[in-house]
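Protein chains in written order, with the numbering used here: chain H, 2 to 274; chain R, 2 to 274.
Glycine residues also receive a C-beta, built at the ideal position from the N, C-alpha and C atoms.
First the structure, in the form of structure tokens, and then the observations on it.
Number of protein chains: 2
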Amino acid sequence: MTRAPASRVPEPTPLWLKLSSYLVLSDEEKMYLTDLENTTSRQPPRTDLLQQGERYRDVRIMRDGWAIRHKALPDGRRQVVNFVLPGDIIGMYCTLFESADHSVTTLTAVEVASFPPERLGELFRSFPRLAAALAWSGAREEAILAERLLSLGRRTALERTAHLIVELLRRLSVVNMATDGHFVLPVTQEILADALGLSIVHINRTLRRLRDSGLIDLNGQRITVNDVRQLASVGQFDELYLHLIHAPRRLERAFSDVRPRHAPHDDAERPKA
Amino acid sequence: MTRAPASRVPEPTPLWLKLSSYLVLSDEEKMYLTDLENTTSRQPPRTDLLQQGERYRDVRIMRDGWAIRHKALPDGRRQVVNFVLPGDIIGMYCTLFESADHSVTTLTAVEVASFPPERLGELFRSFPRLAAALAWSGAREEAILAERLLSLGRRTALERTAHLIVELLRRLSVVNMATDGHFVLPVTQEILADALGLSIVHINRTLRRLRDSGLIDLNGQRITVNDVRQLASVGQFDELYLHLIHAPRRLERAFSDVRPRHAPHDDAERPKA
DNA sequence: TAGTCCCCTTAACCTATGTTGTAGCCGCCT
DNA sequence: AGGCGGCTACAACATAGGTTAAGGGGACTA
Numbered sequence: 002m003t004r005a006p007a008s009r010v011p012e013p014t015p016l017w018l019k020l021s022s023y024l025v026l027s028d029e030e031k032m033y034l035t036d037l038e039n040t041t042s043r044q045p046p047r048t049d050l051l052q053q054g055e056r057y058r059d060v061r062i063m064r065d066g067w068a069i070r071h072k073a074l075p076d077g078r079r080q081v082v083n084f085v086l087p088g089d090i091i092g093m094y095c096t097l098f099e100s101a102d103h104s105v106t107t108l109t110a111v112e113v114a115s116f117p118p119e120r121l122g123e124l125f126r127s128f129p130r131l132a133a134a135l136a137w138s139g140a141r142e143e144a145i146l147a148e149r150l151l152s153l154g155r156r157t158a159l160e161r162t163a164h165l166i167v168e169l170l171r172r173l174s175v176v177n178m179a180t181d182g183h184f185v186l187p188v189t190q191e192i193l194a195d196a197l198g199l200s201i202v203h204i205n206r207t208l209r210r211l212r213d214s215g216l217i218d219l220n221g222q223r224i225t226v227n228d229v230r231q232l233a234s235v236g237q238f239d240e241l242y243l244h245l246i247h248a249p250r251r252l253e254r255a256f257s258d259v260r261p262r263h264a265p266h267d268d269a270e271r272p273k274a
Numbered sequence: 002m003t004r005a006p007a008s009r010v011p012e013p014t015p016l017w018l019k020l021s022s023y024l025v026l027s028d029e030e031k032m033y034l035t036d037l038e039n040t041t042s043r044q045p046p047r048t049d050l051l052q053q054g055e056r057y058r059d060v061r062i063m064r065d066g067w068a069i070r071h072k073a074l075p076d077g078r079r080q081v082v083n084f085v086l087p088g089d090i091i092g093m094y095c096t097l098f099e100s101a102d103h104s105v106t107t108l109t110a111v112e113v114a115s116f117p118p119e120r121l122g123e124l125f126r127s128f129p130r131l132a133a134a135l136a137w138s139g140a141r142e143e144a145i146l147a148e149r150l151l152s153l154g155r156r157t158a159l160e161r162t163a164h165l166i167v168e169l170l171r172r173l174s175v176v177n178m179a180t181d182g183h184f185v186l187p188v189t190q191e192i193l194a195d196a197l198g199l200s201i202v203h204i205n206r207t208l209r210r211l212r213d214s215g216l217i218d219l220n221g222q223r224i225t226v227n228d229v230r231q232l233a234s235v236g237q238f239d240e241l242y243l244h245l246i247h248a249p250r251r252l253e254r255a256f257s258d259v260r261p262r263h264a265p266h267d268d269a270e271r272p273k274a
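What follows is the structure, given as structure tokens:
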């Protein structure tokens, strides 16, 4: 574990970049976020950060590297539920559940920050705008799962694959990890297959079709999207679900300490504790 | 719209029953919940409560009846993302997103309560235990989506179908809508197909297999599960993901107004708002 | 009483995707 | 240098599930 001294002019962290796609952070909020990510550790590839059935511990923030969130059936079949990218939070709900219903495993070497769940309560009380931004990011995670459900249920293999590539491109752009339509995809075809609900052989066929049609280039783990527009159209990609549009006004109204107009509650009316 | 008078001895609402599966509610909290659900309206079957692309409005609580949350592709293919049952919340994140990325459509006549999103902020500030319970319910929703992803990606048609039936049975039991392994499933086979990522013909085949093997009985919309154990085993159902186990202590610690030990924040340190 | 609409049911056939098997490449160990 | 393990590639074959088509029952209408 490393504990960095709280600097006066902190570097932007991926989480902060991601939340910035949603609202404009104040210096004070940036300092608080930096402080939250203060305690970090490094893990090698193929490490379980969390294991299905295990009791939750700290809340974690991915700072660097890739991981997957996945679930397995008793007989070994496996589904990758989502990719965990820098700026994503692991186990936000740790306080609420007895044990994890999924595993999180690193794909690359990673750097993760962790903090005790009590700090979340602190954050909700003291930094309502950050709380709203975190809720936004949690809600977006759910929206991504819903879209993936649409992929698995109703898109063909080719469409699914195209859709995933465009989604990753978009998500990585937000944290400055994709430029000019190319990025590193540190993933075996087996993992891609498990993410898309396909067999490894069929993912291979499908990637070849995408390559043959000139939509993407692959060398090693570097993937280049030659024509995002067309790839998005193949995957019927509509970025609505990523909810990248700003709406700072409305959320501040809901989460700030200002009393709401409708049903004003005096302190006298509050519950005792 | 109907506005009920706040009674001294309110009837338990489905939401309250559902949250009760997680923590023991105080009278005051029950009163507050009852008050939240105060303004209700009724809608006929096949009404859109929310439409993909539409701007979000109020937060809604399903009080009675069934609905589906679904997404559609431009060419008409459709995926049912989840079933909305009594006690479930619609558009909890309305404040955070510009527009809906999914639709919600009623299957039966329904009764829904609605309230302006500002009241959520109020709730988070004044009733931290309820806030935690709502967060629990939101997190559970996400866990359900992740499990459905596993179904669509890696379970066979027979397994998926069995799994869904057991899940619905469990969820309905919590709100007293299933007794003795039977319940009403107000759903056409087309909707079932869209929920399970199958064709309507194949759902039909699959249901017949389940009937022929004696695991379930169907007459009309009434479904009877003859052997939950065996059905759960066919569907590889592990109820871990429904997170029905209580953990009231830990969440109260995180969300209560008691100052955390680690990094106490004075009011003076708060952002200006 | 027949007509229409919606849904369920089944049969016959088709195809997207899974399975099995083999081969080649690359990095790594010793 | 050789061997081994993990990954990609691709061909041949198998099958779960999709598609098309047809019929039937119940509820409503006229």
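Handout entry: Assigned exposure category for H:R58 - 16 Cβ within 10 Å defines buried
Key = Here residue 58 of chain H is taken as the residue at index 57 of the first sequence, counted from 1. Exposed.
Margin query: Quick check on the DSSP output: the alpha helix (DSSP H) that includes R:A196 runs from which residue to which?
Written below: Start at 1 with the first residue of the second sequence, and residue 196 of chain R comes out as number 195. Note, R:A196: alpha helix (DSSP H), Q190 to L197.
TODO: Determine whether the Cβ of H:P15 lies closer than 8 Å to any Cβ atom of chain R.
DONE: Looking up residue 15 of chain H in the first sequence gives position 14. By this cut-off, H:P15 is not an interface position.
What does DSSP give as the partner residue(s) for H:N220 in the beta ladder? By 1-based counting over the first sequence, the position of residue 220 of chain H is 219. Its beta-bridge partners are H:R223.
Q. What number of angstroms, rounded off, separates the C-alpha of H:F125 from the C-alpha of R:R120?
A. Numbered from 1 along the first sequence, position 124 holds the residue referred to as residue 125 of chain H. Numbered from 1 along the second sequence, position 119 holds the residue referred to as residue 120 of chain R. The alpha-carbon atoms of H:F125 and R:R120 are separated by roughly 16 Å.
- Do you know how far the Cα of R:S214 is from the Cα of H:W137? In the first sequence, counting from the first residue as 1, residue 137 of chain H sits at position 136. In the second sequence, counting from the first residue as 1, residue 214 of chain R sits at position 213. Between the alpha carbons of H:W137 and R:S214 lies a gap of roughly 46 Å.
Under three-state DSSP, which class holds H:D49?
Within the first sequence, residue 49 of chain H is the residue found at index 48, counting from 1. In the structure shown, H:D49 falls within a strand segment according to DSSP collapsed to helix, strand and coil.
**Asked** By Cβ distance below 8 Å, which residues in the same chain neighbour H:R212 in space, the five residues on each side in sequence not counted?
**Response** Position 211 of the first sequence holds residue 212 of chain H. D218 and L219, listed in sequence order.
#### Entry: H:V82 vs R:A147 beta-carbon contact at 8 Å
Stepping through the first sequence from its first residue, residue 82 of chain H is reached at position 81. Stepping through the second sequence from its first residue, residue 147 of chain R is reached at position 146. It is a contact, given that the beta carbons lie within the stated cut-off.
Just the C-alpha distance for H:T41 and R:A133, rounded to the nearest angstrom, thanks. For the purposes of this step, residue 41 of chain H is taken as residue 40 along the first sequence, with counting starting at 1. For the purposes of this step, residue 133 of chain R is taken as residue 132 along the second sequence, with counting starting at 1. Roughly 27 Å separates the two Cα atoms.
message: Using the Cβ count rule (16 or more neighbours within 10 Å means buried), how would you classify R:P45?
response: In the second sequence, residue 45 of chain R corresponds to position 44, counting from 1. Exposed, by the Cβ-count rule.
Where do the ends of the beta strand (DSSP E) carrying H:E143 lie?
-> For the purposes of this step, residue 143 of chain H is taken as residue 142 along the first sequence, with counting starting at 1. Counting along the chain, no beta strand (DSSP E) covers H:E143; the unbroken alpha helix (DSSP H) around it starts and ends at P129 to R155.
Contact with chain H by R:W67, beta-carbon distance below 8 Å: Position 66 of the second sequence holds residue 67 of chain R. Not one chain H Cβ lies under 8 Å of R:W67.
- Query: When the cut-off is 8 Å and only beta carbons count, does R:E12 lie next to chain H?
  - Reply: Locating residue 12 of chain R in the second sequence gives position 11, where the first residue counts as 1. Interface residue (Cβ-Cβ distance to chain H less than 8 Å): R:E12 is not classified as such.
Review point. Exposed or buried, what is R:F98 when buried is set at 16 or more other beta-carbons lying within 10 Å of its beta-carbon?
Key: In the second sequence, counting from the first residue as 1, residue 98 of chain R sits at position 97. Label assigned to R:F98: buried.
For a minimum of 3 consecutive residues, which ranges assigned as the beta strand (DSSP E) are wholly contained in the stretch 84–131 of chain H? As far as the stretch 84–131 of chain H is concerned, its whole beta strand (DSSP E) runs of at least 3 residues are 104–107 and 111–116.
What does the Cβ neighbour count give for H:D195, buried or exposed, with the cut at 16 atoms within 10 Å?
Reading the first sequence from its first residue, position 194 is the one you call residue 195 of chain H. H:D195 should be labelled buried.
Counting only Cβ-Cβ distances shorter than 8 Å, please list the residues of the stretch 99–111 of chain R near chain H, keeping chain order. Here the close residues are E99, S100, D102 and H103.
- Task: Note down the Cα distance separating H:T35 from H:R47, rounded to an integer number of angstroms.
- Result: As a working mapping, residue 35 of chain H is identified with position 34 in the first sequence. As a working mapping, residue 47 of chain H is identified with position 46 in the first sequence. Taking the straight line joining both Cα atoms gives about 27 Å.
| message | If you reduce the DSSP assignment to three classes, tell me which class R:I204 lands in. | response | By 1-based counting over the second sequence, the position of residue 204 of chain R is 203. Reduced to three states, the DSSP call for R:I204 is helix.
Exercise. For the alpha helix (DSSP H) that contains H:M32, what are its first and last residues?
Worked result: Position 31 of the first sequence, counted from the start, is the residue given in the question as residue 32 of chain H. Per DSSP, the continuous alpha helix (DSSP H) segment holding H:M32 begins and ends at D28 to L37.
* In this structure, does DSSP put H:R230 in helix, strand or coil? -> To locate residue 230 of chain H, count along the first sequence from 1; it is residue 229. In this structure, DSSP gives H:R230 a helical state, which the three-state scheme calls helix.
*asked:* What does the alpha-carbon distance come out to for the pair H:G88 and H:G122?
replied: As a position in the first sequence, residue 88 of chain H is number 87, starting the count at 1. As a position in the first sequence, residue 122 of chain H is number 121, starting the count at 1. Approximately 20 Å between the Cα atoms of the pair.
**Message:** On a Cα-Cα basis, can you pick out the residue from H:D76, H:R141, H:S22 and H:P75 that is closest to R:S100?
**Reply:** Position 99 of the second sequence, counting from 1, holds the residue named residue 100 of chain R. Measuring from the Cα of R:S100, the nearest candidate turns out to be H:R141.
Under 8 Å Cβ-Cβ, which residues of chain R neighbour H:G54? Taking the first residue of the first sequence as position 1, residue 54 of chain H is located at position 53. Identification of chain R residues near H:G54 by a Cβ-Cβ cut-off of 8 Å yields L241, ordered along the chain.
Practice problem: Out of H:M63, H:P15, H:E55 and H:L232, state which residue places its alpha-carbon closest to the alpha-carbon of H:L165. | Solution: Along the first sequence, one-based indexing puts residue 165 of chain H at 164. For the set H:M63, H:P15, H:E55 and H:L232, the Cα lying nearest the Cα of H:L165 is the one of H:L232.
| said: Could you check whether the stretch 143–161 of chain R touches the stretch 111–120 of chain R, counting it as contact only if at least three pairs of C-beta atoms, one from each stretch, sit closer than 8 Å? | reply: Judged by Cβ distances under 8 Å, the stretch 143–161 of chain R makes no contact with the stretch 111–120 of chain R, as fewer than three pairs qualify.
- request: If I'm right that R:R155 touches H:R155 with Cβ under 8 Å, what's the distance once you round it to whole angstroms?
  value: For the purposes of this step, residue 155 of chain R is taken as residue 154 along the second sequence, with counting starting at 1. For the purposes of this step, residue 155 of chain H is taken as residue 154 along the first sequence, with counting starting at 1. Actually they do not touch by this definition, with Cβ atoms about 16 Å apart.
_By alpha-carbon positions, which one of H:Q80, H:L169 and H:P75 ends up nearest to H:L243?_
For this step, residue 243 of chain H is matched to residue 242 along the first sequence. Closest option to H:L243, Cα to Cα, is H:L169.
Worksheet entry | CA-to-CA distance, R:D228 to H:V60, given in whole angstroms | Residue numbering aside, residue 60 of chain H sits at position 59 when the first sequence is read from its first letter. Residue numbering aside, residue 228 of chain R sits at position 227 when the second sequence is read from its first letter. Near 40 Å, if we compare the C-alpha coordinates of R:D228 and H:V60.
For the stretch 142–166 of chain H, which residues have a beta carbon sitting closer than 8 Å to at least one beta carbon of chain R?
Cβ contacts with chain R come from E142, E143, A144, L146, A147, E148, R149, L150, L151, L153, G154, R155 and R156.
Proximity to R:D76 [Cα-Cα], best of H:Q237, H:I246, H:R172 and H:Q52 = Walking along the second sequence from the start, residue 76 of chain R turns up at place 75. When only C-alpha atoms are compared, the closest one is H:Q237.
Checklist line | Within chain H, partners of R:G198 - CB distance below 7 Å | finding: As a working mapping, residue 198 of chain R is identified with position 197 in the second sequence. Within chain H, the residues whose beta carbon sits less than 7 Å from that of R:G198 are L153, G154 and R155, listed in sequence order.
Next on the checklist: Can you give me the C-alpha to C-alpha distance between H:F84 and R:E12, rounded to a whole angstrom?
Outcome noted: Your numbering for residue 84 of chain H matches position 83 in the first sequence. Your numbering for residue 12 of chain R matches position 11 in the second sequence. Answer to the nearest angstrom: the Cα atoms are 44 Å apart.
Helix, strand or coil for H:V175 per DSSP? Residue mapping note: residue 175 of chain H aligns to position 174 of the first sequence, counting from 1. In the structure shown, H:V175 sits in a helix (DSSP, three-state: H, G or I).
Assuming H:L18 contacts H:V176 under a Cβ cut-off of 8 Å, what Cβ separation, rounded to an integer in Å, is found between them? Looking up residue 18 of chain H in the first sequence gives position 17. Looking up residue 176 of chain H in the first sequence gives position 175. Confirmed, Cβ separation roughly 5 Å.
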